[in-house]
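**Q** The structure under discussion is supplied below as structure tokens; questions concerning it will follow.
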Amino acid sequence: MIETSDLAAAAAAATVPHIKLNDGNAIPQIGLGVLRIDDEGVVPVVESALAAGYRHIDGAAGYNNEAGVGRALAATGFNTGDQRKSLWLTTKLRDSEQGYDSALKAFDNSLKLLQVDYVDMYMIHWPTPFNWRSGDTWKAFAKLREDGRVRTLGVCNFLPEHLERLHEETGEWPAVDQIELHPTWQQRDVVAFCQEHGIAVEAYSPMARGADLNAGDGTIARIAAAHNVTPAQVILRWHIENGTIIIPKSVHAERQKQNLDVFGFALSLEEHKAIDALDGPQRAGHDPMTFTYA
Ligand SMILES: NC(=O)c1ccc[n+]([C@@H]2O[C@H](COP(=O)([O-])OP(=O)(O)OC[C@H]3O[C@@H](n4cnc5c(N)ncnc54)[C@H](OP(=O)(O)O)[C@@H]3O)[C@@H](O)[C@H]2O)c1
């Protein structure tokens, strides 16, 4: 028998648009981020997100919780068959595993932990320009795609110079660049470069880890009150209307539902301008020129 809760999840999932990628695949515009949740804790978090209607999970080997994500997928049946096909599952290669052979080996391990036989997107986690190996890594990624074990290839934290270098070495632009992007750190130069080259932009820390909920001296809160929604919903709606893929993280089921429920209102041009004007010089995360997650 079909449960009412299953129907509600299916209805919520159906409201989320898909973004067409340069390789022909289509990614749900909202996913659940699982950074900073431990391996035990991530199981109920992924389960509640799937129950709420999330059909896109953004993980990484470096989050040290792929096994927990895998247990949640197995427990809910999202690791095989039609349910697996309905899910977009992303994972990322650790910086320390970049290179051809090491990337292939690391991927085997991720797949085992996730208890699936393919992932939808595999990403280079950081460009590490001071120890550049992304050209070789990409060749391993391309083999995984050829073998049907990965559908889409992406990168994270790549600036235009890194995208150009990867393109020179491999002849390819990635399908997705996942970058830090929120009202107070908009990286318009990177977004413009991606748009020019057919690379979809995916915003990580879409709410600046929560800090932007109070941005602009109450600007976000005022817009939220005008629409009878929360500040989180205003920021996420701004991203959605900009055509950006988003992966908000919450461990709370009610917030997960709220973050998916952003299709019942629209921002005016003035409201967009007010949020655009919050752009500033302060990132919430790390500098891709110098950082490695290892
Ligand atoms: N590729 C990369 O290098 C990279 C780097 C950073 C992040 N990411 C990805 O991006 C995902 C999201 O980024 P993030 O976790 O840094 O930041 P975020 O999604 O901008 O913010 C998460 C924070 O906001 C809170 N929150 C979530 N929904 C809320 C709501 N409706 N109302 C009030 N507070 C809310 C969460 O608290 P609760 O959990 O307590 O609800 C958490 O503290 C990560 O999980 C990860 O998958 C990728």
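Residue numbers (my numbering): 490 to 783. Beta carbons are placed, not taken as given, at the ideal position from N, Cα and C, and that holds for glycine.
(1) Should Ser694 be counted as a contact of ligand 1 given a C-beta to heavy atom distance under 7 Å?
(2) Is the Cβ-Cβ distance between Val680 and Gln722 less than 8 Å?
(3) Would Gly551 and Pro737 qualify as a contact pair, given that the criterion is a beta-carbon distance under 8 Å?
(4) Answer yes if the segment 727-741 comes into contact with the segment 684-692, meaning at least three C-beta pairs across the two stretches below 8 Å, and no otherwise.
(5) Nearest to Pro740 by CA position, among Glu661, Gly588 and Gly699, is which residue?
(6) If you draw a straight line from the C-alpha of Lys628 to the C-alpha of Ser757, how long is it?
(7) Keeping to the same chain, check which residues put their C-beta closer than 6 Å to that of Ala763; ignore five residues upstream and five downstream.
(8) Can at least three beta-carbon pairs, one atom from the segment 629-637 and one from the segment 572-580, be found at a separation below 8 Å?
(9) I'd like the ranges of any beta strand (DSSP E) spanning at least 3 consecutive residues and lying wholly in the segment 618-689.
(10) Would you call Thr779 buried or exposed, if buried means 16 or more other Cβ atoms sit within 10 Å of its Cβ?
(11) Pull the bridge partners of Val535 from the DSSP assignment, please.
(12) Say yes only if the C-beta of Ala742 is nearer than 7 Å to one or more non-hydrogen atoms of ligand 1, and no if none qualify.
(13) Taking the straight line between their C-alpha atoms, what separation do you get for Phe619 and Trp727?
(14) Is it the case that the CB of His728 approaches a heavy atom of ligand 1 more closely than 7 Å?
(15) Grab me the residues of Asn703's own chain with a C-beta within less than 8 Å of its C-beta, minus the 5 sequence neighbours each way, in chain order.
**A** Considering the structure as presented:
(1) At least one heavy atom of ligand 1 sits closer than 7 Å to the Cβ of Ser694.
(2) Contact: no.
(3) Cβ atoms of Gly551 and Pro737: not closer than 8 Å.
(4) With the cut-off at 8 Å, the segment 684-692 and the segment 727-741 touch.
(5) This sequence places Val at residue 740; Pro is not what is there. If we check each option's Cα against that of Val740, Gly699 comes out closest.
(6) One C-alpha to the other measures close to 44 Å.
(7) Cβ within range, chain order: Thr708.
(8) The answer is no - the segment 572-580 does not touch the segment 629-637, with fewer than three Cβ pairs under 8 Å.
(9) Within the segment 618-689, the runs of beta strand (DSSP E) at least 3 residues long that lie entirely inside it are, in chain order, 639-645 and 665-669.
(10) With fewer than 16 neighbouring CB atoms inside 10 Å of its own CB, Thr779 falls in the exposed class.
(11) Beta-bridge annotation (DSSP): Val535 is not paired with any residue.
(12) Not under cutoff, so the answer is no.
(13) Put simply, the backbone Cα of Phe619 is about 35 Å away from that of Trp727.
(14) Relative to ligand 1, even the nearest heavy atom lies 7 Å or more away from the CB of His728.
(15) Taken in chain order, the residues that qualify are Ile709, Ala710 and Pro720.
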